[in-house]
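Residue numbers (this note's numbering): 1 to 502.
Read through the structure below, which is laid out as structure tokens, and then see the notes.
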């Protein structure tokens, strides 16, 4: 019985990771076209400018949302798990009220701080008007985040997958023509238009499932205090994270140039995008599932360990193929001018492997409503990267930023696992330890080979490492899930059905 439940749990994780991975894959294909067009039309300078605007606006948005996009998921998922449909509808109304208020406040704050944002972000030109024009992005992003939180908490996973896909398609169709016609002048209008389209798509899905209803202001203020208190910690962590990225990009812009910002952002985002094929399922499926667990203990630990194991086994082959194919992918997806970012990306790959281990653990304080622990762990990591990335850039240029991200990931893994053991009694399972012992050395080996070898001494051993990681991962996943049997059974059913029709 326990073995069957374990298999079903692994199968469920793999199923929803596959769902979002597939959607992300389609999104990436459309994103590839968009990034290619943007990179060719705007070049590293234009990509750097987009990065600076996005990081600054994200900092303002995270500073005013009160962490509701995360705390709201927990509130809705708890109501849904209890089967309290009226309570869920009421919680949704409360979330929407707070989201609208905080989003409006963020937009106003962006307008008021636009001269300071210009001064902090840029060392050249006057971009105050640009930040005023970008203020609606803060409003639209906040509304989108609130409605997305509602859908995540209610575990509307297929709707979230559709929203993700349509959002990427909308970004492609709206931004590429504008960049083609007006170049860098289209950056600000394009960012506003993309935020608007994403908000419209998300609201359309959410309001259809949870129709708009009024919420009494006094009741909202009284009942939402626990959510807001927890959200305040999320907000503080978001400010620290956005602030760290803001400081890094501002440093690169001043210590290097706009091109350095563009190359760093391209390398970082490209690595995170492909890792996002797997990580996307964390927030949409795993976090609401973990939040529904009522107490710590064996089942809670099993939930976390299974997520770590599946995530690591899925992401390792993906990253190995990615790092091997970089000489082809980077010029194809961006342009030849972005090849200086290759070594930085190779050094970031081990960090993504470690992220597969730490991210499920970092969701524990979120699921338990432990705002202090969550804020502490986020602060340690954000301070590390804010110090290490500039130091790495001064030491080895762009490649040094990749080494800094890898170093921060190693330290963060130790900190997170030790703290989780002390605070929540969480320990890594033997299966996770085996997966780590097999996948991590192979991932490091792939990074070393691709950074030091050339010609056939590059392609032959790197391809061999990819094959070993892939076979190893598939073998373990096959042994722990019913998914393969279900797929073959479904295929046989379809074949027999067609034969019967004939």
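Backbone N, C-alpha and C fix where the C-beta goes; we use that ideal spot for every residue, glycine too.
Check: What did DSSP end up calling residue 453 once you bin it into helix, strand or coil?
Finding: Residue state for residue 453 is assigned as coil, using DSSP reduced to three classes.
Margin query: Do residue 184 and residue 46 have their beta-carbon atoms positioned less than 8 Å apart in this structure?
Written below: yes
Notebook entry, point to check: Mind checking residue 255: buried by the 16 CB within 10 Å criterion, or exposed?
Noted result: exposed
Next item on the list: Answer with buried or exposed for residue 98, where buried requires no fewer than 16 other C-beta atoms within 10 angstroms of its C-beta.
Entry: Per the 10 Å Cβ criterion, buried.
Next item on the list: Mark residue 454 as exposed unless 16 or more other C-beta atoms lie within 10 angstroms of its C-beta, in which case mark it buried.
Entry: The Cβ neighbour count for residue 454, taken over all protein chains shown within 10 Å, is under 16; the residue is labelled exposed.
Check: Taking the alpha carbon of residue 91 as the point to measure from, which residue in 113, 111, 68 has its own alpha carbon closest?
Finding: 68
Checklist line | Sufficient close CB pairs (3 or more, under 8 Å) joining the region 135-145 to the region 187-199 | finding: yes
Item checked: Range of the contiguous alpha helix (DSSP H) that encloses residue 340 -> That residue, residue 340, is in no alpha helix (DSSP H); it is neither H nor E in DSSP.
Check: Using the rule of at least 16 other Cβ atoms within 10 Å of the residue's Cβ for burial, across every protein chain shown, is residue 106 buried or exposed?
Finding: buried
Notebook entry, point to check: Applying the criterion that 16 or more other CB atoms from any shown protein chain within 10 Å of the CB defines a buried residue, is residue 3 buried or exposed?
Noted result: Confidence in residue 3 is poor, its pLDDT being 49 and thus under 50, which makes the residue's placement too unreliable to answer from.
Note to self: Assuming residue 340 and residue 286 are in contact, meaning their beta carbons sit under 8 Å apart, how far apart are those beta carbons, in whole angstroms?
What the structure shows: Between residue 286 and residue 340 the Cβ distance is about 36 Å, and since that is not below 8 Å, they are no contact.
Item checked: residue 371, DSSP secondary structure in three states -> helix
Margin query: Considering only the alpha carbon of each residue, which of 239, 415, 450 lies closest to residue 348?
Written below: 450
Note to self: Applying the 10 Å Cβ sphere with the 16-neighbour rule, what's the burial state of residue 332?
What the structure shows: exposed
Notebook entry, point to check: Within the 8 Å Cβ cut-off, does residue 293 reach chain C?
Noted result: Absence of chain C from the displayed structure is noted, only one protein chain being present.
Notebook entry, point to check: Is it right to say residue 368 is buried, meaning 16 or more other beta carbons lie within 10 angstroms of its own, or is it exposed?
Noted result: buried
Next item on the list: Would you give the residue range spanned by the alpha helix (DSSP H) that residue 176 belongs to?
Entry: 157-182
Check: How is the alpha helix (DSSP H) around residue 145 delimited, first residue to last?
Finding: 128-153
Item checked: Collapsed DSSP secondary structure at residue 379 in the structure displayed -> helix
Notebook entry, point to check: So residue 288 and residue 155 are in contact, right, with Cβ under 8 Å, and what is the actual spacing, rounded?
Noted result: 5 Å
Notebook entry, point to check: From residue 135 to residue 427, what does the alpha carbon distance come to, in whole angstroms?
Noted result: 44 Å
Item checked: Extent of the continuous alpha helix (DSSP H) run through residue 309 -> DSSP places residue 309 in the uninterrupted alpha helix (DSSP H) bounded by 298-324.
Notebook entry, point to check: Which stretch, first to last residue, makes up the alpha helix (DSSP H) that contains residue 427?
Noted result: From DSSP, residue 427 is part of no alpha helix (DSSP H); its letter is neither H nor E.
Checklist line | Inside the region 48-92 only - alpha helix (DSSP H) runs reaching at least 4 residues | finding: 68-81
Item checked: Reduced DSSP secondary structure (H/G/I, E/B, other) of residue 267 -> helix
Note to self: On a Cα-Cα basis, can you pick out the residue from 307, 306, 244 that is closest to residue 384?
What the structure shows: 244
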